[in-house]
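To keep things clear, I will list the structure first and then write my remarks on it.
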Amino acid sequence: MRVRDYGIEIGVLKTGKLNAITDVEGVKVGHTTLQEGDSIRTGVTAILPHSGNIFQQKVPAAIYLGNGFGKLAGYSQVKELGNIETPIILTNTLSVPEASNALITYTLKHPENKDVRSVNSIVGETNDGWLNDIRGRHVKEKHVLDALKNATGGSVQEGNVGAGTGTVCFNYKGGIGTSSRIIPESFGGYTVGVLVQSNFGGIFELNGVPIAKELDNYPRQYTYDVDGSCMIVVMTDAPMGSRNLERLAKRAIMGLAKTGGIASNGSGDYVIAVSTAKENLIPYQSESRYQETKELRNGEVTPLFLATIEATEEAILNSLFAAETMKGRTGHEIEALPIDKVLSVMKKYQALKD
Numbered sequence: 002m003r004v005r006d007y008g009i010e011i012g013v014l015k016t017g018k019l020n021a022i023t024d025v026e027g028v029k030v031g032h033t034t035l036q037e038g039d040s041i042r043t044g045v046t047a048i049l050p051h052s053g054n055i056f057q058q059k060v061p062a063a064i065y066l067g068n069g070f071g072k073l074a075g076y077s078q079v080k081e082l083g084n085i086e087t088p089i090i091l092t093n094t095l096s097v098p099e100a101s102n103a104l105i106t107y108t109l110k111h112p113e114n115k116d117v118r119s120v121n122s123i124v125g126e127t128n129d130g131w132l133n134d135i136r137g138r139h140v141k142e143k144h145v146l147d148a149l150k151n152a153t154g155g156s157v158q159e160g161n162v163g164a165g166t167g168t169v170c171f172n173y174k175g176g177i178g179t180s181s182r183i184i185p186e187s188f189g190g191y192t193v194g195v196l197v198q199s200n201f202g203g204i205f206e207l208n209g210v211p212i213a214k215e216l217d218n219y220p221r222q223y224t225y226d227v228d229g230s231c232m233i234v235v236m237t238d239a240p241m242g243s244r245n246l247e248r249l250a251k252r253a254i255m256g257l258a259k260t261g262g263i264a265s266n267g268s269g270d271y272v273i274a275v276s277t278a279k280e281n282l283i284p285y286q287s288e289s290r291y292q293e294t295k296e297l298r299n300g301e302v303t304p305l306f307l308a309t310i311e312a313t314e315e316a317i318l319n320s321l322f323a324a325e326t327m328k329g330r331t332g333h334e335i336e337a338l339p340i341d342k343v344l345s346v347m348k349k350y351q352a353l354k355d
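In terms of the working numbering, the sequence shown opens at residue 2 and continues consecutively.
Written out as structure tokens, the structure is:
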């Protein structure tokens, strides 16, 4: 069940057919979920912008730091060159090196990459150490490669899966969530898809309704009860360069704020934004010394900003609605969002669709 299944509609723009990041043509998502014994609660989520050799056909990209308490690998080259050359991997904090190594393996094994000697692997993370034995570093190269191999288009699993297996959001069980928006044809008809790994704190709001206040579940210490992280991946088929993709990425943080997230001192809140527009793919090698691109004018990107805000907000909410109560390391237990209580509050505020 997702947030819309309960009569709660976020924003004004239409969703894609699946209301998922995979509504952007060519985008694929794969998960590896690790739940073993009473302490292993972690995993891997892979996002592929297209099905080809991403190193040979790079995509324009940007990364925005909402709050940089995190270990996102590959940032500096993306900032410098404005593109990414590998799939995007999400996992837990202490598994970033293993995931980076797996992406290097994945890239080097392509026959066309036989002469490649440098790979800028993109790996994001959140810390799932409350529920997961994170020090055990249970994510291995095989798990990352499996997530890449299993990546498909179509519906995306949400909640306690992949990189969201052991996460916590607003003191409830967090996880993986996704959503999409399509801007009107009169503005280009482009699609924006968002996927999140929610693991952060704040004062939870649902479509403007103060859920945390009504349920008396909000931060008191402003330390660990607000810390965490949120990884946000934005994909669009709109032709955009890295400069405007960074502007797009900034708007995703607005979507996070609409749910009540506060990007605390100890929160790593990152946005990776990518354009999958086929006309703007960047060949690794070319006979031409020029890179010809087609980009939207600055004045044409505003509808995409709105789409990103709405899709990010709904993706976070879907991660909460899809997640289930979980027990993990040393008996720690995180309860799922109490949906019945939430709906009762929404009715009180007359915020449910008839």
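Note that the Cβ used here is the ideal one computed from N, Cα and C, for glycine as well.
Beta strand (DSSP E) segment containing residue i, residue limits
| i | result |
| --- | --- |
| H32 | K29 to E37 |
| E126 | I123 to T127 |
| R42 | I41 to L49 |
| I11 | Per DSSP, I11 belongs to no beta strand (DSSP E) and is neither H nor E. |
| I89 | I89 to N93 |
Residue i - DSSP class collapsed to helix/strand/coil
| i | result |
| --- | --- |
| I184 | coil |
| I137 | Note on residue identity: the sequence assigns Gly, not Ile, to residue 137. Of the three classes helix, strand and coil, the one that applies to G137 here is helix, per DSSP. |
| K279 | helix |
| N161 | coil |
| A239 | coil |
| K328 | strand |
| K59 | strand |
| I263 | coil |
| A253 | helix |
| L297 | coil |
| N84 | strand |
| P112 | helix |
| T192 | strand |
| A352 | coil |
| L207 | strand |
| V117 | coil |
| V169 | strand |
| L19 | coil |
| L246 | helix |
| R1 | The structure shown does not extend to residue 1, since the chain spans only 2 to 355, so no value can be given for it. |
| V79 | helix |
Run of the alpha helix (DSSP H) containing residue i, from where it starts to where it stops
| i | result |
| --- | --- |
| L305 | T303 to A323 |
| T106 | V97 to L109 |
| M347 | I340 to K349 |
| E142 | E142 to N151 |
| E215 | I212 to E215 |
Same chain, Cβ closer than 6 Å to residue i, five either side skipped, listed in chain order
| i | result |
| --- | --- |
| A312 | S180, S181, R182, V193 and V195 |
| I204 | A213, Y219 and G261 |
| Q78 | N121 |
| T294 | N281 |
| V124 | A74, I90, V97, A100 and S101 |
| A274 | A63, V235, L246, L249 and A250 |
| A316 | G178, T179, S180, V195 and V197 |
| I254 | G67 |
| R3 | N319 and F322 |
| L353 | G8 and M347 |
Beta-ladder partner(s) of residue i, from DSSP
| i | result |
| --- | --- |
| I273 | I64 and V234 |
| I335 | M327 |
| G176 | S199 |
| S268 | G229 |
| G69 | G269 |
| A74 | V124 |
| P284 | Q58 |
Spatial neighbours of residue i in its chain, beta-carbon cut-off 7 Å, leaving aside the 5 residues before and after
| i | result |
| --- | --- |
| G267 | F70 and D228 |
| V343 | L207 and I212 |
| Q292 | I283 |
| I184 | L14, G190, Y191, P304, L305 and A308 |
| T168 | T127, D129, G175, G176, Q198, S199 and N200 |
Same chain, Cβ closer than 8 Å to residue i, five either side skipped, listed in chain order
| i | result |
| --- | --- |
| E296 | P240, M241, G242, N245 and N281 |
| V157 | L19, A21, I22, T23, V30, I177, T179 and L196 |
| E215 | V346 and K349 |
| N54 | H111, E113 and N114 |
| V60 | P50, H51, N84, I85, V275, S276, T277, N281, L282 and I283 |
is_contact[residue i, chain B] using C-beta, thresh 8 Å
| i | result |
| --- | --- |
| L104 | Annotation note: the requested chain B is absent from the structure, which comprises a single protein chain. |
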